[in-house]
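Enquirer: For the record, in the sequence shown the residue sitting at position 89 is 1262 according to this note's numbering, with numbers rising by one throughout.
All C-beta atoms, glycine included, are put in the ideal place defined by N, C-alpha and C.
Pasting in a structure now, in structure tokens, and then I'll have a few things to ask.
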Amino acid sequence: MTERERLLALQDEYGILGRSEAIYEIIETVDQVAKTDIAVLIKGESGSGKELIAKAIHKSSARRHEPLVTVNCGAIPAGILESELFGHKKGAFTGASEERKGYFETADTGTIFLDEIGETQLETQVRLLRVIEQGEF
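This is the structure in structure tokens:
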């Protein structure tokens, strides 16, 4: 099996449609990135398949047996997003009746896909950048 045939088989496995040079390059990049342990930025218009690419990277990585947590940041109200991402202790705020793990802790040894991150408040983006850069939450 040639390298191109192997990548086309991966494309079919991931459910990524299209047979063009651009799609082939995306699959090749997914394959390369999956072998690393780095944060990845996936850019594209709404509906372009960013989540599909994130799943493909996760499924091809050494983390494939760990959780993949997808968070639509644009769908979570600003006042709740940080608690959802980072968790909270019992009594941390009104209504926090129990301790809750955040999405980062849930995905700790796996992958977290933060969709619509540009829709979050700048203060939250700064905190997220710190988590991504330092790997601590």
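Going straight from the alpha carbon of residue 1287 to that of residue 1176, what length do you get?
Expert: 31 Å
Enquirer: Tell me which residues share the same chain as residue 1247 and place their Cβ nearer than 6 Å to its Cβ, disregarding the 5 neighbours each side in the sequence.
Expert: 1289 and 1292
Enquirer: Since residue 1181 sits in a beta bridge, which residues does DSSP pair it with?
Expert: None; residue 1181 has no bridge partner.
Enquirer: Using CA coordinates, which residue listed in 1276, 1300, 1206 and 1282 is at the minimum distance from residue 1114?
Expert: Because the chain here runs from 1174 to 1310, residue 1114 falls outside it and cannot be looked at.
Enquirer: Can residue 1258 and residue 1277 be called in contact, C-beta distance under 9 Å?
Expert: yes
Enquirer: Excluding sequence positions up to five away, which residues of its chain have a Cβ less than 6 Å from the Cβ of residue 1242?
Expert: 1276, 1279, 1280 and 1285
Enquirer: Mind checking residue 1211: buried by the 16 CB within 10 Å criterion, or exposed?
Expert: By the neighbour-count rule (16 or more Cβ atoms within 10 Å), residue 1211 is not buried but exposed.
Enquirer: Taking only runs of the beta strand (DSSP E) that begin and end inside the region 1206 to 1276, which ones reach a length of at least 3 residues, in chain order?
Expert: Restricting attention to beta strand (DSSP E) runs no shorter than 3 residues, the region 1206 to 1276 encloses them at 1241 to 1245, ordered along the chain.
Enquirer: Quick check: what's the CA-CA separation for residue 1245 versus residue 1282?
Expert: Between residue 1245 and residue 1282, the C-alpha separation is close to 20 Å.
Enquirer: Could you please give the first and the last residue of the uninterrupted beta strand (DSSP E) stretch that includes residue 1287?
Expert: For residue 1287, the uninterrupted beta strand (DSSP E) run begins and ends at 1284 to 1288, by DSSP.
Enquirer: Taking the alpha helix (DSSP H) that residue 1297 belongs to, which residues open and close that run?
Expert: 1295 to 1307
Enquirer: Taking the alpha carbon of residue 1260 as the point to measure from, which residue in 1249, 1239, 1296 and 1274 has its own alpha carbon closest?
Expert: 1274
Enquirer: DSSP three-state call for residue 1199: helix, strand or coil?
Expert: The answer is helix: DSSP assigns residue 1199 an H, G or I state.
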